[in-house]
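A short worksheet on the structure shown next.
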Amino acid sequence: MFENVGEILLLFWRTVLALPLAWRQRQKVFDQFFEIGNASLLMVCVLSFFIGAVIALQTGPVLVERGLASAVGGIVGISLAKELAPVMMAILIAGRIGSAMAAEIGSMRVYQEIDALRTMNINPIHYLVLPRLLAIAIALPMLVVFSILVGWLGGALVAEANSHIAIPFQAFFANLRDIVGLEDVANGVFKSFCFAIIIGVVSCHQGLVTIGGPRGIGRSVTKAVVNSIILIVIFDYLLTRILLK
Amino acid sequence: MNSSTNNRSGVSLQVHGLRKSFDDEEVLRGIDFEVQPGEIFVIMGPSGSGKSVLLKHLIGLEMPDEGEILINGESIQSPEIAAKYRMAMVFQSGALLNSLTVGENVGLYLSEHRLKPPEEIARIVAEKLEAVGLKDTVDKMPNELSGGMKKRVAIARALVIEPQLILYDEPTSELDPISAAVISEEILKLKERIHVTSLIVSHDRDLAFGIADRIAVIGEGRIITIGPPDEVKRFNDPAVQNFLHADFQRESK
Chain A
8 MFENVGEILL
18 LFWRTVLALP
28 LAWRQRQKVF
38 DQFFEIGNAS
48 LLMVCVLSFF
58 IGAVIALQTG
68 PVLVERGLAS
78 AVGGIVGISL
88 AKELAPVMMA
98 ILIAGRIGSA
108 MAAEIGSMRV
118 YQEIDALRTM
128 NINPIHYLVL
138 PRLLAIAIAL
148 PMLVVFSILV
158 GWLGGALVAE
168 ANSHIAIPFQ
178 AFFANLRDIV
188 GLEDVANGVF
198 KSFCFAIIIG
208 VVSCHQGLVT
218 IGGPRGIGRS
228 VTKAVVNSII
238 LIVIFDYLLT
248 RILLK
Chain B
105 MNSSTNNRSG
115 VSLQVHGLRK
125 SFDDEEVLRG
135 IDFEVQPGEI
145 FVIMGPSGSG
155 KSVLLKHLIG
165 LEMPDEGEIL
175 INGESIQSPE
185 IAAKYRMAMV
195 FQSGALLNSL
205 TVGENVGLYL
215 SEHRLKPPEE
225 IARIVAEKLE
235 AVGLKDTVDK
245 MPNELSGGMK
255 KRVAIARALV
265 IEPQLILYDE
275 PTSELDPISA
285 AVISEEILKL
295 KERIHVTSLI
305 VSHDRDLAFG
315 IADRIAVIGE
325 GRIITIGPPD
335 EVKRFNDPAV
345 QNFLHADFQR
355 ESK
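Here the protein sequences line up with chains A and B, keeping their order.
Under our numbering, the letters of the first sequence match residues 8 to 252, in that order.
Under our numbering, the letters of the second sequence match residues 105 to 357, in that order.
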C-alpha cells in the first residue's frame, strides 16, 4: 500500500485540478450519488440503529448502577457523533462502494475501455474519477448525519425499554442535548468527509492500476477495501488528535 | 485525438527506429516503415511478435524507449502535433463502454467534447451506425451484441472522429468467416469513401491478402519484409513462409 502513496496523492491532486469541470460532469455525479445512497441507505439504517442500541445497552446498566443515569444520553450521543458513526459508515462504504468503484474501473482498464477513452482524447480522471470522488464526498457526510440520528434513536429506545436502564425517552434526549453540541456533530461530519476522499481516491487508483484478467480485478477490489480501511483507522487517530480541544 | 484541421484525406505515417523494452524483455527492436496517405497497410506476425505494442505506440498509449513516429513528417510525441491530426483506433475487443448504450458509445467523442448539440449528435450517430449496417442497434447495450457487431460499432465510433488515420487491432479475430468478410469490406469501403489511411495489425492471412495495399511481416520485434501482397507471398525467408503457409493436416492412418 505505502509504495503507492505518491501515485495516490498525484491522482488526488489531478482530480482537484479537474474540479472546474465538475459542473460538466453533474449528471454522472448525480448518478453516482444516487447509486451510493440507493445501495447503502438501508444498511446504514440497520447498522446505526443497532450500534446506538448496543452502546446504550453496554454503558446504561453500569452508569445507572453508579447513579450516573443522567450521563447515558450524553455518552451514547457523543460516541456516535464523534467516532462510531463516521468510522463505521466509512468502513461500510469502503466495503460497499469502494469495492464497486475499484471493480468497475478495474474491469474498464482490463477490457481496454480506458485505453479507448484515451484514444478519444477523454481524460479518465475527468470522466471516471472526478464524478465518483465528488459523489462520495457529498454522500458519505450526509449518510453520517443520518446515521447519527438513527443511532441516537436506537440508543434512546433501548434506554427506555430495557429494565436495567429505564431512562425515559425525553430524559435521554435532554441529557444528550446538554452534552452534545453542534460542533461535535460537525466534527464527525468533517471526519467522514476526509474518509470519503480516502475511499474514493484509493479505490479509483486501485481500479486504474489493475492488470491481468478477472483475478487482477479481484485483487484490486480486495486491496482497495483493505487499504481504505487501514487508512481510515490511521487518519481517524490523526484527525481526532488534531480536532481535540 | 482531437483536431481543428478540416483536411478529410488520409495522412502519411513514418516510423523510425522504434525500440521498446518491458523490464528486461526487448519487445520492439528497431522498427522502420512508412505508410502512404490513403493506403491500407497490414502488419502481420505471429502472436507475441510485438504487433499490438507497436499499435499502442502509434496511438500514444505507450511511449517508445527510442525512435520516433511522424505523421505527415511531424513527430506525434509533441502533444500539439498529436492533437492536430485525427486518429482513431478499433480495439481487438471493440472496447465499447459496457455501461453506455450503442448510441452513447458511438456519440461519446462528440458529447464529451461538446462538439455538437444533442440532436446533431443523434443524427450523426444514426448516420455512422447505418454506414456499418447497424442502424437498429442504437438503444441496445453492448452485451446484447455479437462479437462482429461490437467491432462494427467500434468502427462507427471511430468514424465519428472523422479520422485521417484508423488503426485496427486484430479486426477479424474471434469472428466467423462471414462476419470477418463484412469487416474487411467495411475497411475497404472506408478507404474508397473517405480516403482514410488504415493500419491493420492482424494474423488473418485472408484479410491481409484480400484488402492490403502493402503488408509488413514482423517477427521477434523486427520487420522481416515489407511489400505488396504478391511480393510478400514470394519472399524467400523460412519464418515468413512458415507463417504464411502454416496449416494443420491430419495424418492419414
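For glycine and all other residues, C-beta sits at the position ideal for the given N, C-alpha and C.
Own chain, CB closer than 7 Å to ILE224/A, minus 5 neighbours either side, in chain order: Indexing the first sequence from 1 puts residue 224/A at position 217. Closer than 7 Å at the Cβ level, and outside the excluded window around ILE224/A, lie ALA110, GLY113, SER114, VAL117 and THR217.
Partner residues on chain A for ILE163/B, Cβ-Cβ distance less than 9 Å: Along the second sequence, read from residue 1 onward, the residue named residue 163/B stands at position 59. ASP122, ARG125 and THR126, listed in chain order.
Straight-line Cα distance separating LEU263/B from SER107/B: For the purposes of this step, residue 107/B is taken as residue 3 along the second sequence, with counting starting at 1. For the purposes of this step, residue 263/B is taken as residue 159 along the second sequence, with counting starting at 1. With a pLDDT of 42 at SER107/B, under the threshold of 50, the modelled position of this residue cannot be trusted; read the value that follows with caution. Taking the straight line joining both Cα atoms gives about 14 Å.
Sheet register partners of SER240/A (DSSP bridge): Along the first sequence, read from residue 1 onward, the residue named residue 240/A stands at position 233. Residue identity check: residue 240/A is Val in the sequence provided, not Ser. The secondary-structure analysis by DSSP pairs VAL240/A with nothing; it has no beta-bridge partner.
Contacting residues, own chain, Cβ-Cβ under 8 Å from GLY142/B (five flanking each side not counted): One-based indexing of the second sequence puts residue 142/B at position 38. Listed in chain order, the non-local C-beta contacts of GLY142/B below 8 Å within the same chain comprise SER113, GLY114, LYS295, HIS299, VAL300 and THR301, local neighbours out to five positions each way being set aside.
VAL208/A versus ALA350/B: straight-line alpha-carbon distance, rounded: For the purposes of this step, residue 208/A is taken as residue 201 along the first sequence, with counting starting at 1. For the purposes of this step, residue 350/B is taken as residue 246 along the second sequence, with counting starting at 1. Approximately 50 Å between the Cα atoms of the pair.
Contact with chain B by ALA25/A, beta-carbon distance below 8 Å: One-based indexing of the first sequence puts residue 25/A at position 18. Not an interface residue.
Short CB-CB distance (under 8 Å) between TYR244/A and chain B: Taking the first sequence and counting its residues from 1, the one referred to as residue 244/A is at position 237. By this cut-off, TYR244/A is not an interface position.
Range of the contiguous alpha helix (DSSP H) that encloses ASP310/B: Mapped onto the second sequence, residue 310/B falls at position 206. Unbroken alpha helix (DSSP H) run through ASP310/B: 309-315.
Cβ neighbour criterion (16 or more within 10 Å) applied to TYR244/A: The residue you call residue 244/A lines up with position 237 of the first sequence. Flag for TYR244/A reads exposed.
Where HIS299/B sits in the DSSP three-state scheme: If you number the second sequence from 1, residue 299/B lands on position 195. In this structure, HIS299/B counts as coil in the three-state DSSP scheme.
Bridge partner(s) assigned by DSSP for PHE145/B: By 1-based counting over the second sequence, the position of residue 145/B is 41. Bridge partners of PHE145/B: LEU303/B and ARG318/B.
From MET253/B, HIS307/B, ARG309/B and GLY323/B, residue whose alpha carbon lies closest to that of GLU290/B: In the second sequence, residue 290/B corresponds to position 186, counting from 1. The option with the nearest alpha carbon to GLU290/B is MET253/B.
Within 8 Å, strictly: CB atoms of THR276/B and ILE287/B: Translated into positions along the second sequence, residue 276/B becomes position 172. Translated into positions along the second sequence, residue 287/B becomes position 183. Taking 8 Å as the Cβ cut-off, THR276/B and ILE287/B qualify as a contacting pair.
Three-state class that DSSP yields for ILE174/A in the structure shown: Translated into positions along the first sequence, residue 174/A becomes position 167. In the structure shown, ILE174/A sits in coil (DSSP, three-state: anything other than H, G, I, E or B).
Contact set for SER283/B: own chain, Cβ-Cβ below 6 Å, skip 5 residues either direction: As a first step, residue 283/B must be located in the second sequence, where it is residue number 179. Annotation for SER283/B: GLY252 place their beta carbon closer than 6 Å to its own, counting only its chain and skipping 5 residues before and after.
Residue span of the beta strand (DSSP E) that contains ILE175/B, given as start and end: Residue 175/B sits at position 71 when you count from the first residue of the second sequence. 170-175 is the span of the beta strand (DSSP E), which, as asked, contains ILE175/B.
Per-residue DSSP class, three states only, for VAL229/B: Your numbering for residue 229/B matches position 125 in the second sequence. In the structure shown, VAL229/B sits in a helix (DSSP, three-state: H, G or I).
Distance between VAL228/A and SER235/A (C-alpha atoms, nearest Å): On the first sequence, position 228 is the one that residue 235/A refers to. On the first sequence, position 221 is the one that residue 228/A refers to. Each residue's Cα considered, the two are about 11 Å apart.
8 Å Cβ cutoff, ILE236/A in contact with chain B: For the purposes of this step, residue 236/A is taken as the residue at position 229 of the first sequence. Interface residue (Cβ-Cβ distance to chain B less than 8 Å): ILE236/A is not classified as such.
Anticipated Cβ contact below 8 Å, SER168/B with ARG123/B, distance rounded: Working through the second sequence from its first residue, we reach residue 168/B at position 64. Working through the second sequence from its first residue, we reach residue 123/B at position 19. Sequence check: residue 168/B is Pro here, not Ser. That pair is a contact at about 6 Å.
CA nearest to the CA of LEU199/A, picked from LEU26/A, VAL240/A and ARG73/A: Within the first sequence, numbered from 1, the residue matching residue 199/A stands at position 192. According to the sequence provided, residue 199/A is Ser. The question's Leu does not apply to it. Per the Cα distances, VAL240/A.
Between the CA atoms of LEU204/B and VAL36/A - distance to the nearest angstrom: Residue numbering aside, residue 36/A sits at position 29 when the first sequence is read from its first letter. Residue numbering aside, residue 204/B sits at position 100 when the second sequence is read from its first letter. Cα-Cα distance, rounded: 16 Å.
Same chain, Cβ closer than 7 Å to PHE57/A, five either side skipped, listed in chain order: The residue given as residue 57/A occupies position 50 in the first sequence. The answer, listed in chain order, is GLY161.
Contact under 8 Å by Cβ, PRO138/A with GLN32/A: For the purposes of this step, residue 138/A is taken as the residue at position 131 of the first sequence. For the purposes of this step, residue 32/A is taken as the residue at position 25 of the first sequence. In contact: PRO138/A and GLN32/A (Cβ atoms closer than 8 Å).
Neighbour flag for GLU208/B against chain A, beta carbons, 8 Å: Within the second sequence, the letter at position 104 stands for residue 208/B. No, GLU208/B does not count as interfacial toward chain A.
Same chain only: Cβ atoms within 7 Å of GLN140/B, ignoring 5 sequence neighbours per side: Position 36 of the second sequence, counted from the start, is the residue given in the question as residue 140/B. For GLN140/B, where only same-chain residues beyond five positions count, the Cβ hits under 7 Å are SER116.
Expected contact under 8 Å - CB spacing of ASP185/A and ALA88/A to nearest Å: Within the first sequence, numbered from 1, the residue matching residue 185/A stands at position 178. Within the first sequence, numbered from 1, the residue matching residue 88/A stands at position 81. Not quite, the Cβ-Cβ distance comes to about 14 Å (not below 8 Å), so this is no contact.
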